[in-house]
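Worksheet: the structure to be examined is printed underneath.
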Amino acid sequence: MTRTVSIFGATGSIGQNTLDLIRRDRGAYRVVALTGGRNVAQLARDAREFNAEIAVTAHEDGLSALRDALSGTGIAAAAGAGALLEAADRPADWIMSAIVGAAGLAPGFRALHHGTTLALANKESLVTAGPLLMAKAKEQGARILPVDSEHSAVFQALVGEDMAAVERIIITASGGALRDWPLERLRYATLQDASAHPNWEMGQRITIDSASMFNKALELIETHEYFGVVPEKIDTVIHPQSIIHALVGFHDGALMAHLGAPDMRHAIGYALHWPDRAALPVDRIDLARIATLDFQAPDTARFPALRLAREVMAAGGHAGAVFNAAKEVALDHFIAGSIGFMDMAPLVEATLDVMSREFRLEGAIETLDTVLQTDHLARIRAAEQASQLQEKRA
Ligand code: NAD
Ligand code: MG
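If you use the working numbering, the sequence shown corresponds to residues 459 to 852, in order.
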């Protein structure tokens, strides 16, 4: 039986890895929607190859190029935020949420309306609106499957286990490109320094977030929201080889670890075939060749994002939306060269401070709209913080 699939963020790193798995078993799937951003040529190529029903670019100004590239194929073309939501309304058995940033939240949330299986790579969705998303899935009979290597690892380690027996969850961190840099040197880290990941090939934004450990900060929150485990039971450890992705500790003292090659097709494939375990084209691990697995505690002085994640989890409510939005703005400014590497965390912290003085961030999230409004306002406040930082520097 063919399964229908849609991929949001198809042109990105996760999207392309997803298409790679689908391509290998072409007859088993029918592609409904593929979406992308600026990379219209890639989107059109993929839509043609997989004979998608519809291709959507997030940017209205890309529509005519997309239409031209698809002319004569019968594949529908659309553009803009509304078109992304309409694409999410098209029923599909399995939907990959792999847009980067908070932009992925609304389409993923919408897809849950028709009780689908949502493979969630977009961790920002859980950070900004975790309780809302999880409740929506439950209400609609939809299923969210984690597509982050650590969270897929935890999910797999929990198969057949009782959550009441879980004592702790440890997600590993490679430490990113600047893991061993001293604090004085981190201040001068350039975009190029931060953009080279030692183990994983990923989109540029998450690669830089790995170097600042903002990615791990998001993932701590993601763990809390997805597995419903209190923050005190969640920890991270630096593991430079990226072979163990996560460990679950039980109340008998046992630690169940998940090991695998650093290849996202592991987590994507697990979510694609769940609850089955299908053969996957990933490297096999040769433990004797690897010889050693190292671990060290993360340094929160050099990587303050981890401390901020704890504060965000303690606050709950809309703190996650502010944290993520401010982080996205800080990252934009770092990429543009207008703030330094070590300015990102103070910018995020200052935004959290300002926003929590303006609003009560704690308390239940009621609707997607309040999350989106918080996100919008946090971006404005974060941009103000960035200008202040630049003035100070000048
Ligand atoms: P990427 O930058 O390679 O791709 C992002 C995709 O989103 C592209 O298709 C892009 O066109 C689209 N996009 C960008 N901005 C958009 C917008 N405003 N509106 C709509 N679409 C937009 O990113 P990635 O590395 O594939 O990461 C995607 C998501 O998966 C992120 O949430 C990331 O944190 C998560 N993730 C990635 C990896 C990885 O190995 N790459 C691992 C774990 C989790
Ligand atoms: Mg991860």
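We put the beta carbon where it would ideally sit given N, CA and C, even for glycine.
Could you check where the beta strand (DSSP E) with residue i kicks off and where it finishes?
| i | result |
| --- | --- |
| A625 | Note that residue 625 is Glu in the sequence shown here, rather than Ala. E625 -> beta strand (DSSP E) spans 624-631. |
| I696 | 692-696 |
| S464 | 461-466 |
| F817 | Looking at the DSSP string, F817 is not in any beta strand (DSSP E), and its letter there is neither H nor E. |
| H609 | Element bounds for H609: not the beta strand (DSSP E) but the alpha helix (DSSP H), 607-615. |
| L738 | No beta strand (DSSP E) holds L738; DSSP gives it neither H nor E. |
| A654 | Per DSSP, A654 belongs to no beta strand (DSSP E) and is neither H nor E. |
Return the CA-CA distance between residue i and residue j, expressed in angstroms with no decimal places.
| i | j | result |
| --- | --- | --- |
| A491 | V740 | 26 Å |
| W732 | P698 | 29 Å |
| L826 | D547 | 16 Å |
| Q614 | S522 | 44 Å |
| L745 | A719 | 11 Å |
| S529 | F466 | 22 Å |
| A783 | V770 | 13 Å |
| E816 | G775 | 14 Å |
| E625 | A772 | 19 Å |
| T670 | A652 | It should be pointed out that residue 670 corresponds to Ser in this sequence rather than to Thr. If I take the Cα positions, the gap works out to 8 Å. |
| T531 | A537 | 17 Å |
| E683 | K850 | 37 Å |
| H572 | A550 | 9 Å |
| A725 | V617 | 15 Å |
Whole-angstrom Cβ separation of residue i and residue j, contact assumed at under 8 Å?
| i | j | result |
| --- | --- | --- |
| E582 | G599 | At roughly 24 Å, the Cβ-Cβ gap does not stay under 8 Å, so E582 and G599 are not in contact. |
| I602 | A593 | Not a contact, Cβ separation roughly 11 Å. |
| R643 | M800 | That pair is no contact at about 10 Å. |
| A623 | H655 | About 35 Å separates the two Cβ atoms, so there is no contact after all. |
| R461 | W552 | 6 Å |
| V585 | L542 | In fact, because the Cβ distance is near 19 Å, the residues do not count as touching under 8 Å. |
| A556 | G473 | 5 Å |
By Cβ distance below 8 Å, which residues in the same chain neighbour residue i in space, the five residues on each side in sequence not counted?
| i | result |
| --- | --- |
| T681 | E608, H609, V612, I627, I629, V687, I692 |
| L751 | H697, Q699, I701, I702 |
| L766 | A675, F781, A803, V806, E807, L810 |
| L570 | L576, L591, K594, A595, Q598, A600, I602 |
| L649 | I666, F792, I793, G795 |
I'd like the list of long-range same chain contacts for residue i, defined as Cβ closer than 6 Å, with 5 residues on each side in sequence excluded.
| i | result |
| --- | --- |
| T469 | G494, N497, Q500, L501 |
| G727 | L479, L738 |
| P762 | A803 |
| A631 | K674, T694, I696 |
| S471 | M660, G661 |
Taking only heavy atoms of the ligand GTP into account, decide whether any of them is closer than 7 Å to the Cβ of residue i.
| i | result |
| --- | --- |
| V498 | With respect to the ligand GTP, the structure shown offers nothing to examine, as its ligands consist of the ligand NAD and the ligand MG. |
How far does the alpha helix (DSSP H) with residue i in it reach, from first residue to last?
| i | result |
| --- | --- |
| G727 | 723-731 |
| M771 | 763-773 |
| R837 | 826-851 |
In its own chain, which residues sit with a C-beta less than 7 Å from the C-beta of residue i, not counting the 5 before and 5 after it?
| i | result |
| --- | --- |
| S796 | A844, Q848 |
Residues near the ligand MG, CB to any non-hydrogen atom under 6 Å, in chain order? D606, S607, E608, E677
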